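**Student:** Shown below is the structure under consideration.
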Amino acid sequence: MRISSYALEKVSTPFLIAMLSRLHYIVFLLAFVCVSLPVFAEDPFDVIGGEDHTAELHDPFEPINRATFKFNEGFDKFVFNPLVVTLTFFMPPVVREGVRNFFCNLNEVASVVNHTLQGKRKGAGRSLLRFAVNSTLGLAGLLDVASWMGFEEMPNSFNLTLRHWGVSPGAYFVWPVLGPSSMRDGVGVMVDFFFDPLNIFLMTQGKKRLLDTKVIIAMIQEKEKYWEELWNLKKEAVDPYVLERSIYYQKRHLLYSLDEGPQPVE
């Protein structure tokens, strides 16, 4: 990857982090307002029942979504992309892999809870075992020792729990900064946030700055995996908004098909 001289010389990482640390509060506030509406609304927000395997979710908020998409495009271009390029330059692959393993290990707790809520004992046991092994032998999750031992990851989320309970996706929605989602996915993200033990610890201890930093790093490591390819695809697309929506649908259906796959054997 070529490193932009602008990214290295002009971008102030502390300044960008300060900006990001305020944005995630706005995102959670907007998410709370938007996902509260489906309980009282009808067709566009239908959340109980409905088909979950349609080719595409309905997009009744397209004008709002397109405006948010434009904002996200500018945010990625001037804030996120330069920040990722800068951090990638200073963080070698082995460090980035360790950070990714660390966050994946924290996510195992959410997987344990959601497997349990869905009645999947084997999945819950697998996730609990992975968390115990990687938190100890894996140096607080920096190493994925459990996978080396043959216990592959079986991620789960509250979004999938809601789906298991019969809650339909609801409308397609583009969140500020976070990007494409659905009403059900938005609820799932918020609930899973509170299943993260580090989030709870930092909140109860009043470690606001550490929580800000943790959330930002988690966002970066999640988007860092595919941002360059997606950015290049959108530059060539006739309608980048439709392209991103289509990619989200494909990713969503792949996730659901994997969720319906076989459970681990005892």
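Residue numbers (the numbering used here): 3 to 268. Ideal Cβ placement from N, Cα and C applies to all residues, glycine included. Computed from a predicted structure; not experimentally measured.
Three or more C-beta pairs closer than 8 Å, one from the stretch 228-245 and one from the stretch 147-164: is that the case here?
**Tutor:** With the cut-off at 8 Å, the stretch 228-245 and the stretch 147-164 do not touch.
**Student:** If residue 213 sits next to residue 205, beta carbons under 8 Å apart, how far is it from one beta carbon to the other, in whole angstroms?
**Tutor:** Confirmed, about 6 Å.
**Student:** For residue 144, which of 138, 104, 108, 197 has the nearest alpha-carbon?
**Tutor:** Nearest C-alpha to residue 144: 104.
**Student:** By Cβ distance below 7 Å, which residues in the same chain neighbour residue 194 in space, the five residues on each side in sequence not counted?
**Tutor:** 112, 159, 160.
**Student:** According to the Cβ coordinates, are residue 136 and residue 116 closer than 7 Å?
**Tutor:** Contact: no.
**Student:** Suppose the cutoff is 7 Å on Cβ atoms and the five residues either side in sequence are ignored; what does the same chain contact list for residue 119 look like?
**Tutor:** If we look at residue 119 and ignore the five residues flanking it on each side, its Cβ neighbours are 163.
**Student:** From the DSSP output, in three-state form, read off residue 174 for me.
**Tutor:** Here residue 174 sits in strand by DSSP.
**Student:** Please name the residue, chosen from 225, 216, 169, 75, that lies closest to residue 87 on a Cα-to-Cα basis.
**Tutor:** Nearest option by C-alpha distance: 225.
**Student:** Quick one: grab the DSSP three-state call for residue 84.
**Tutor:** Three-state DSSP puts residue 84 in a helix.
**Student:** Give the DSSP bridge partners of residue 184, in chain order.
**Tutor:** Its beta-bridge partners are 174.
**Student:** How is residue 142 classed by DSSP in three states: helix, strand or coil?
**Tutor:** Correct three-state label for residue 142: coil.
**Student:** Quick check on the burial criterion: 16 or more other C-beta atoms within 10 angstroms. Buried or exposed for residue 70?
**Tutor:** Label assigned to residue 70: buried.
**Student:** In or out: residue 156 buried (at least 16 other Cβ within 10 Å) or exposed?
**Tutor:** It is buried - the Cβ of residue 156 has at least 16 other Cβ atoms within 10 Å.
**Student:** Going by DSSP, what residue range makes up the alpha helix (DSSP H) through residue 121?
**Tutor:** From DSSP, residue 121 is part of no alpha helix (DSSP H); its letter is neither H nor E.
**Student:** Do residue 128 and residue 110 have their C-beta atoms closer together than 7 Å?
**Tutor:** No, they are not a contact pair.
**Student:** So residue 95 packs on residue 173, CB below 8 Å; how close in whole Å?
**Tutor:** Contact doesn't hold; Cβ gap of about 39 Å is too wide.
**Student:** Where do the N-terminal and C-terminal ends of the alpha helix (DSSP H) with residue 255 fall, by residue?
**Tutor:** First-last of the alpha helix (DSSP H) with residue 255: 242-261.
**Student:** Which of the three DSSP states, helix, strand or coil, is assigned to residue 149?
**Tutor:** Looking at residue 149 - three-state DSSP - the assignment turns out to be helix.
**Student:** Does DSSP put residue 209 in a helix, in a strand, or in coil?
**Tutor:** Of the three classes helix, strand and coil, the one that applies to residue 209 here is coil, per DSSP.
**Student:** Does the beta-carbon of residue 168 have 16 or more other beta-carbons within 10 angstroms, so that it is buried, or is it exposed?
**Tutor:** The residue is exposed, with fewer than 16 neighbouring Cβ atoms inside 10 Å.
**Student:** Tell me which residue opens and which closes the alpha helix (DSSP H) that residue 72 is part of.
**Tutor:** It spans 64-77 - the alpha helix (DSSP H) in which residue 72 sits, taken as one unbroken run.
**Student:** Measure the alpha-carbon distance for residue 201 versus residue 122 and round it to whole angstroms.
**Tutor:** Straight-line Cα distance between these residues: approximately 25 Å.
**Student:** For residue 151, is the classification buried or exposed, using 16 other Cβ atoms within 10 angstroms of its Cβ as the cut-off for buried?
**Tutor:** By the 10 Å Cβ count, residue 151 comes out exposed.
**Student:** With 16 as the cutoff for other CB atoms within 10 Å, does residue 208 come out buried or exposed?
**Tutor:** Result: exposed.
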